[in-house]
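Here is the structure we will look at.
In the numbering used here, the protein residues as written are 202 to 387.
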């Protein structure tokens, strides 16, 4: 596998933009975004490993799960901004997992399950901070959101068997924390 900041297998267009997000086990994150945006301007989505120790070049699922690499399980999304504003993606991101838990989602624990927005532009980072602030007030007034907002630094595609995993294996493991919240956390 080769390190980049953009998945070499992600479909893009001349007008599409990118965002990389981590919110726990990438299988469930991918499933939520596909269900939400597949017909609304999402061009493509890939699962992979992002923003770990850059000097580590041998990345695979087992090594990432060990925690030694500090890579996060993440999704990289290609989208058409004229049809799907990044603010809509970020809104679902903050509501589809629990951004108040540090390095964990449901029963999944470790830095690979941390909550992170990895922006591909300064404008997206600014917007991510604004959405985070709004979600903090609306959904988590009594719990601190711990989501990191940082630039994308390094990306590796996950192994082929992880791509569209829950589509290929509908009864496979799905983190119970991946659902779209409609009311504040109490």
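Every residue gets a Cβ at the ideal spot worked out from N, C-alpha and C, and that includes glycine. Please read these numbers as outputs of a predicted model, since none were measured by experiment.
Residues bridged to residue i [DSSP beta-bridge criterion]
i: residue 205; result: 356
Chain-order list of residues whose beta-carbon lies under 8 Å from that of residue i (same chain, five-residue window excluded)
i: residue 292; result: 332 and 336
Under 8 Å between C-beta atoms of residue i and residue j
i: residue 244; j: residue 296; result: no
i: residue 356; j: residue 207; result: yes
i: residue 220; j: residue 317; result: no
i: residue 274; j: residue 223; result: yes
i: residue 265; j: residue 246; result: no
i: residue 348; j: residue 300; result: yes
i: residue 377; j: residue 311; result: no
i: residue 225; j: residue 363; result: no
Rounded separation between residue i and residue j - CA only
i: residue 238; j: residue 267; result: 32 Å
i: residue 374; j: residue 329; result: 29 Å
i: residue 215; j: residue 343; result: 43 Å
i: residue 242; j: residue 260; result: 31 Å
i: residue 280; j: residue 387; result: 33 Å
Per-residue DSSP class, three states only, for residue i
i: residue 341; result: coil
i: residue 225; result: coil
i: residue 267; result: helix
i: residue 239; result: coil
i: residue 219; result: strand
i: residue 346; result: coil
i: residue 387; result: coil
Cβ-heavy atom distance, residue i to the ligand GTP, below 7 Å
i: residue 243; result: Here there are no bound small molecules, and the ligand GTP is not part of this structure.
Residues of its chain near residue i, where Cβ-Cβ distance is below 6 Å and the 5 sequence neighbours each way are ignored
i: residue 354; result: 252
i: residue 228; result: 366 and 367
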